[in-house]
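Just so we're aligned, residue 109 is where the sequence shown starts under our numbering, counting upward by one.
Every residue, glycine too, gets a C-beta built ideally from N, C-alpha and C.
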Amino acid sequence: MSDRTTPPPPPFAEPGRLRNVVLIGAAGSGKTTLAEALAHAAGAISRAGTVPDGSTVSDHEAIEHQQQRSVQLALLPLAWRDCKINLLDTPGYADFAGERRAGMRAAEAAVLVVSAAEPVGPTVLALWRECRAAGLPTAIALTHVHSAEAVTACQEAFGEGHPDTVLPLCLPAFRDGHLTGSLELLTGRSYGDAPAPDPAARGALVEAIAGEDDTLLERWVAGEDLDPASLTAALRRELGQNTVHPLICTAAPLGAAELLDLIVDAFPSPLERTDELPPCDPDGPVVAQVVHTAEDQYVGRLSLVRVFSGTLRPDTVLGEERVTAITSPFGHHQRPVPAATAGDLACLAKLAHARTGDTIAADGVELDRWPQPEPLLPTAVEAHSKADEDRLAQSLARLTAQDPALRVEQNPDTHQLVLWSTGEAHQAVVLDRLRTRYGVHVDTVPYRVALRETFAGTGSGHGRHVKQSGGHGQFAICDLTVEPLPGGGFEFVDKVVGGAVPRNFVPSVEKGVRSQLAKGVLAGYPVVDVRVTLTDGKAHSVDSSDAAFQTAAALALREAAADGTVRLLEPVDEVQVLLPDEYQGAVLNDLSARRGHVLGTEPGGPGLSLLRAEVPELELAHYPVDLRSLSHGTGTFSRSYVRHAPMPPALAAQYQ
């Protein structure tokens, strides 16, 4: 392959000549290295891995180099033979699962990248199950491979009891533990230091491919040497039905051309998509969806869209959006293209309203969004300066438009600004983008949960507010009794007899009580679940007032708190944890250590357990990170508020 320095313009291909492929793999599996090898094999980048503007295939942001991981979806349009391949490189780290799922929405097939340097563990198997659940035809690219045993391990791990469904398409050759060449079993083409032909290996492959085609199988049994075209057509059919999974060993540059050939020959085109999305018709009404949003320092917002129907052209109006220029991205480089037809992907600049996941269409069509990971890691922040505070809200709005996995909350109870992310790596990316993209500096502060106070026993209070100041004075006296009302919220009862507190001042007493309850009577947290009874009081015909009785009521409530027993309440969430069975014991022990009450366990799918527990919210602030560590990145959880419950006295003392 020649060492080109200028990427060839991708063909404006009709749907049948398009292949949309998503690269999926665990962190460190070698996805980006494989993507660069494919791009080089296609003549799109130099041997140094750069495009003309000096940028690399992916990893556009400085933080990606700092963290040594991809954090966003990257599109690589490649020309191979007579097809355009839209290669979608996705992050492998669990924090960025939303980017992976966006790539899966935009693609018709997946390549699962598996590193042979590590055993096929739960993280890789979870990604495999995700591809299967999405119905994506999936091939396997084996990286860091040092021996043929890695191929057998993949067949056993992904064959799900039928190892012959994972089909090695090439016979690898090794020298000193390194892949040095391969032999294509279907065509006989050799690459590098290829091994000698192996009729048994080819026979096993042919039997697996032809097994579901009676005609081919009869020809094979009769001794006919089946031609590669017939076998490739059968492979395409079986892969499209997700009944077989081709496997190719890769070690740049070996394996790149073979994988590109496989994508062109056997992967489905957009015309073969079978889900409920609009049919792929270039002449139909335009229906597109934003699958990724980025910021360019010169252009501004760039929206990567997948066109499902119609042909998207510049200077058209679709609903609230006006399409101006259409470009095809490669690294930081944007190449203008005349149109994007059904099945293709392209970038649109400066859309006015559309965010990631939104539909762009002229006739009000709304496509379902793909499932996003729930952001469950809270980070409380404060603007570093007044200048930062002025820009913070607008900057966060722009970030949430780009990143559906980020949630911003102004907590009404604690009055904190909270950024909810999917994990520490995602949190670091959000804070870095605030600083580097928008020049906004924030300080992280301890996250607070919404505690409450309540009365554990009955208390009585006498409130006396009497002042003389020369003119009209202030005079109000009231007696209150406060008792617990578990789960009952707040109830105010008037039991005054004989007009000791005039009827027109009873609402003032209730208003004063409510105001003091909101401020708290012990540690400054709102008081809940109490019944307050006005039992007696006194008024003055001239000096009593609404304000005086509000003040007297507050004084009486505070005295009742000193007389009774006030306890702190903490929020309790119901937590549901889905994880592989092998980690169930460790996670159950951890939940117990978090003062959790386990409600039960049940099967969550093949090899999976679903745990349900009630856990105090104070114990969940760091749980997304800890669960990921306990389950080796395979566990997920959800949480929902259940109630406030009494806090243990020793712990409550820390918050008083």
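Burial is judged here by how many other beta carbons sit within 10 angstroms of a residue's own beta carbon; Val431 has at least 16 and is buried. When secondary structure is reduced to three states using DSSP, Thr544 falls in the helix class. Shortest Cα-Cα distance from Ala448 to any of Pro390, Glu429 and Ser377 involves Pro390. Note: Val590 is bridge-paired with Gly567 and Val640 in the DSSP secondary-structure output.
About 51 Å separates the CB atoms of Leu507 and Cys586; that is not less than 8 Å, and the two are not in contact. With respect to Leu676, Leu559 sits close: the two C-beta atoms are nearer than 8 Å.
When the five nearest sequence neighbours on each side are left out, the beta carbons in the same chain lying within less than 7 Å of the beta carbon of His461 are those of Glu428 and Glu429, in order along the chain. Here Pro230 really is in contact with His740; their C-beta atoms are around 6 Å apart, less than 8 Å. Between Val415 and Asp452, the CB-CB gap stays under 8 Å. Between Leu293 and Leu279, the gap from beta carbon to beta carbon is short of 8 Å. Going by C-alpha positions, Val526 is about 7 Å away from Asn519.
Pairing Leu370 with Val129, the inter-Cα distance amounts to about 11 Å.
Within the DSSP bridge table, the entry for Ile585 names Arg572 and Lys646 as partners.
Note that the C-beta distance between Ala457 and Gly408 is below 8 Å. Asn697 sits in a helix when the DSSP states are folded into three classes.
With a minimum length of 3 residues, the unbroken runs of beta strand (DSSP E) contained wholly in the region 238–300 fall at 246–251, 274–276, 278–283, 286–292 and 298–300. Nearest in C-alpha terms to Leu663, of all of Cys191, Gln624 and Glu315, is Gln624. Per DSSP, Ala312 is one residue of the alpha helix (DSSP H) stretching across Pro307 to Ala318. Proximity to Ala187 across Ala147, Leu588 and Thr552 peaks at Ala147, based on C-alpha coordinates. A direct Cα-Cα distance of roughly 20 Å separates Asp190 from Arg443. Note on geometry: alpha-carbon atoms of Asp521 and Asn612 lie some 32 Å from one another. Scanning its chain for C-beta atoms nearer than 7 Å, with the 5 sequence neighbours on each side dropped, one finds around Val228 the residues Val222, Ala261, Cys262 and Ala265, in chain order. Gln502 sits exposed, since fewer than 16 C-beta atoms from the chains shown fall within 10 Å of its C-beta. The alpha-carbon of Arg345 is positioned some 13 Å away from that of Ala247.
Straight-line spacing of the CA atoms in Gly136 and His492 works out to 35 Å. The DSSP-derived three-state label of Trp328 is helix.
Across the set Arg499, Gln582, Ser529 and Pro276, the C-alpha of Arg499 shows the shortest separation from the C-alpha of His549.
With fewer than 16 other beta carbons inside 10 angstroms of its own, Gly595 counts as exposed. Put simply, the region 539–553 does not touch the region 602–616. Fewer than three CB pairs are less than 8 Å apart.
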